[in-house]
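Each step along the sequence shown adds one to the number in the working numbering, with nothing skipped, and position 50 is 814.
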Amino acid sequence: MVPEDSNRKPLPAPDADTAAFWRGLQQGKLLLQHCRRCRHVQYYQQATCRQCGRDELEHRPATGRGKVHSFSVVHRAPGPAFKADVPYAVLLVELAEGPRMISTLVGSDPEGVTFDMDVELAFDQVSDQITLPRFRKA
Ligand SMILES: [Zn+2]
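Set out below in structure tokens:
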């Protein structure tokens with residue numbers, strides 16, 4: 765692990781289970797894992813299906829549409845690196861495909877977020893390797 769510098773935002777480090785996922789984001793696709801056995805769809809990348817335990821997963825790009833299931837507006841930055849961002853909205857988004865994922869809102873007033881608000885994916889390239897999936901009001 766690289767020592768953390770509190771003035772810089774932590775970035776994800778792709779590994780064997782997540783490399784394809786991060787490559788997809790660089791190409792403007794949010795890849796979800798679909799189980800060929802039980803049809804379960806999952807967001808958190810892992811080697812096996814969380815529902816049936818099989819390893820017959822395949823990646824398919826998400827439509828990018830979703831709804832705000834829950835949210836919180838952050839007014840106090842969790843660290844110096846986030847000071848310029850507050851206030852910002854942390855969203856729990858239910859994707860059209862079913863899985864829920866946590867991310868942040870971009871492009872509009874965080875105080876305007878409501879439950880069940882329609883959102884769509886926005887790709888935020890933060891480094892050469894990492895593009896983060898965020899959401900904007902649809
Ligand atoms: Zn399954």
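Here a beta-carbon is modelled for each residue, glycine too, at the ideal position from N, C-alpha and C.
In the DSSP assignment, what are the bridge partners of residue i?
i, result
"H823", "Q797"
"M865", "V857"
"A811", "Beta-bridge pairing links A811 to no other residue."
"F835", "L855"
Measure how close the beta-carbons of residue i and residue j come, nearest whole angstrom, since I'm counting them as under 8 Å.
i, j, result
"D781", "Q810", "6 Å"
"Q790", "T868", "Contact flag wrong, Cβ pair sits at about 19 Å."
Is it the case that the Cβ atoms of residue i and residue j are separated by a distance below 7 Å?
i, j, result
"R824", "H804", "no"
"V870", "A853", "no"
"P897", "L794", "yes"
"H833", "P851", "no"
"G830", "V877", "no"
"F887", "G828", "no"
"R800", "C816", "no"
Have a look at the options and flag the residue whose alpha-carbon is nearest the alpha-carbon of residue i.
i, options, result
"M865", "P851, L885, A783", "L885"
"Y807", "V890, R840, L856, V883", "L856"
"P776", "R900, A902, Q889", "Q889"
"D892", "S770, R787, K773, D769", "R787"
"D880", "D873, F835, A841", "F835"
"N771", "D873, A841, A783, P874", "A841"
"F785", "R814, A826, R818", "A826"
From the beta carbon of residue i, is the nearest beta carbon of chain C less than 7 Å away?
i, result
"V837", "Absent from the structure: chain C. Only one protein chain is present."
The region 855 to 867 in contact with the region 837 to 846 per 3-pair CB rule at 8 Å: no
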